[in-house]
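Engineer:
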Amino acid sequence: MLSHQRGQTLAQLYVIPFHGFGLFKEASTITPASGGGCTKDAAGNLTLMKDQDNEGATITSIMNSKRFNIPVGIVIGDRNPLLGRKVPHRYNVMAYFRITDIWVEKVGQKKGTKVRFQKLDLSAKSWWSKPGSQPPTSHEERDFSVQPEEQSVVSGTLTAHFAVNYYVVSVDSKGFSEAPDGILHALGRLTWATETAVSASGDSFLRPNELLVLGYFEEMKIGYHDDGESSLGPTIATLSLGAKSTMFIRMKYKYFNGFSKAKKLLAEDPVLPNCNLQVKRQELRERYHRGEIDQIEYDDHRHRLFKGVRGGEATSCIKMELNHGDLVVMHGEKLQKYYEHSVVPDNKLRFALTARYIKPEQVDRDEWVKGDFTLSPAQRYDGK
Ligand SMILES: O=C(O)CCC(=O)C(=O)O
Ligand SMILES: [Fe+2]
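So the sequence shown is numbered by full-length UniProt numbering: it starts at 1 and just counts up by one.
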């Protein structure tokens, strides 16, 4: 979501991000994915993790727009599924709206701020209206005191991330033939970082064939998640650009505690260094592996060991400051299996360019061409 507030504000501009906005007819109800607090779930979706309150910059700006009657323009991107059809451009100006209502309601377990927009010009049908739908009710006939009959349903997926993928399976991606020179230069550096780190570990390296560009606006972060999708190789290289950020890595809850949040025992407890009750868990594991106790006894002992133990999240074992130009390489399937990471930028614009290797067998054959590219000598990098 962007707002322009230079000099006297005549209008503001809002960009509807990829997910999470309900919009209908000529009025629309949206939940601004503003106050941060989004985290990635297992499916890679961003979900609301903390209460949105009225203090975030976007919400303050929306409240001011309402208070001072400032019209707002709304722009919809071509990956927003809201309209249920293809929109003509990457970004499409919908119209100018005024903000009629702002309220807070429950979104899943959290509070989310909702905004109702009312289109200013009701004399013509909107370009995005459904074919065959009725023209809008005029201003004179409208009852502005009522809430819209149809409520938007926010299914827990809110994202204001700016994301561009070059050759990726999950979201629609572009082929590298469309990538600007800067992206290919970055890929050259990330390829070098991947090769250097992986070779140093003694493993053989797979040249990255995917690049994800993520933008973090003010107050945005990526919560704890892993990148262990089955279609991806074990190496992930990220170039940080813009604002300084902090990356945290911690052991996943179930490996740290020895049981899941649903209190289910781990079938195979790896007893990782610095996990909770490490010594006792290691002792039981060894007795089980030596055949001194069978599966039932092993589970029994563990149930007794964990009785009355309240699970908790592990504290981060790695805390790393990432500055403009820094490269991070995560290598190894176990890092994604047993650990999770989070990145918290310092409140200003930041971009993360993440290069990975996608197994071609996981991708539709007609998508292969997107990952076909050769870096020019100027785009390659050898560390010098
Ligand atoms: O922003 C970053 O540096 C990391 C992003 C990340 O973890 C991801 O895209 O999966
Ligand atoms: Fe990640």
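The beta-carbon is built from N, C-alpha and C at its ideal position, and this holds for glycine as well.
1. For the beta strand (DSSP E) containing Lys319, name the first residue and the last one.
2. Is it right to say Ala355 is buried, meaning 16 or more other beta carbons lie within 10 angstroms of its own, or is it exposed?
3. Can you list, in chain order, the stretches of the alpha helix (DSSP H) that have 4 or more residues and sit fully within the region 295-356?
4. Answer yes or no: do Ala95 and Leu214 have a C-beta to C-beta separation smaller than 9 Å?
5. Quick check: the region 336-352 against the region 214-231, are at least 3 beta-carbon pairs closer than 8 Å?
6. Which word fits Tyr255, buried or exposed, when buried means at least 16 other C-beta atoms lie within 10 angstroms of its C-beta?
7. Under 8 Å by Cβ, that's how I've got Val357 and Trp192 pegged, so tell me the actual separation to the nearest angstrom.
8. For ligand 2, is there a heavy atom less than 8 Å away from the beta-carbon of His225?
9. So does Met247 have its beta carbon nearer than 8 Å to some heavy atom of ligand 1?
10. Under 8 Å by Cβ, that's how I've got Leu184 and Arg350 pegged, so tell me the actual separation to the nearest angstrom.
11. Report whether the distance from the Cβ of residue 385 to the nearest heavy atom of ligand 2 is below 8 Å.
12. I need the DSSP call for Trp127, collapsed to helix, strand or coil.
13. Alpha helix (DSSP H) containing Ala237: first to last residue?
14. For Phe259, which residues in the same chain have their Cβ closer than 7 Å to its Cβ, ignoring the five residues on either side in sequence?
15. Could you give the C-beta distance for Lys119 and Phe97, rounded to a whole number, given that I count them as a contact under 8 Å?
16. Val93 by DSSP, collapsed to three states: which one?
17. Using the beta-carbon count (16 or more within 10 Å), is Thr235 buried or exposed?
18. Does DSSP classify Gly371 as helix, strand or coil?
19. Please report the straight-line C-alpha distance between Lys252 and Cys275, rounded to a whole angstrom.
20. Between the beta-carbon of His341 and the beta-carbon of Met220, is there less than 9 Å?
21. Taking 9 Å as the threshold (C-beta atoms), are Gln379 and Leu239 in contact?
22. Reducing DSSP to helix, strand and coil, say where Tyr255 ends up.
23. Is His341 near ligand 3, going by C-beta to nearest heavy atom under 8 Å?
24. Could you check what DSSP says for Leu284 in three-state terms: helix, strand or coil?
25. Under a three-way DSSP split, which group does Phe205 fall into?
26. Which one of Gln282, Val104 and Ala237 has the shortest CA to CA distance from Pro208?
27. Rounded to whole angstroms, what is the Cα-Cα separation between Asn323 and Gly182?
28. Roughly how many angstroms lie between the CA atoms of His89 and Arg281, to the nearest whole one?
29. Can you tell me the Cβ-Cβ gap for Pro345 and Tyr216, rounded? I've got them flagged as a contact below 8 Å.
30. With a Cβ-Cβ cutoff of 9 Å, do Phe176 and Leu211 count as a contact?
31. Does Glu218 come out as helix, strand or coil in the three-state DSSP assignment?
32. Is Ser173 near Glu367, with beta carbons less than 9 Å apart?
33. Express the C-alpha separation of Asn257 and Trp128 in angstroms, rounding to a whole number.
34. Inspect the beta-carbon positions of Gly332 and Ser201 and report whether they are closer than 9 Å.
Structural biologist: The relevant details are as follows:
1. Ile318 to Leu322
2. buried
3. 295-306 and 333-338
4. no
5. yes
6. buried
7. Correcting the residue type first, residue 357 is Tyr in the shown sequence and not Val. Contact doesn't hold; Cβ gap of about 15 Å is too wide.
8. yes
9. yes
10. Not quite, the Cβ-Cβ distance comes to about 21 Å (not below 8 Å), so this is no contact.
11. It is not possible to answer for residue 385, since the shown part of the chain is limited to 1 through 384.
12. coil
13. No alpha helix (DSSP H) holds Ala237; the beta strand (DSSP E) holding it covers Leu232 to Gly242.
14. Leu265, Leu266, Phe306 and Gly311
15. 5 Å
16. strand
17. buried
18. helix
19. 10 Å
20. no
21. no
22. helix
23. You won't find ligand 3 in this model; what it holds is ligand 1 and ligand 2.
24. helix
25. coil
26. Ala237
27. 19 Å
28. 57 Å
29. 5 Å
30. yes
31. coil
32. yes
33. 51 Å
34. yes
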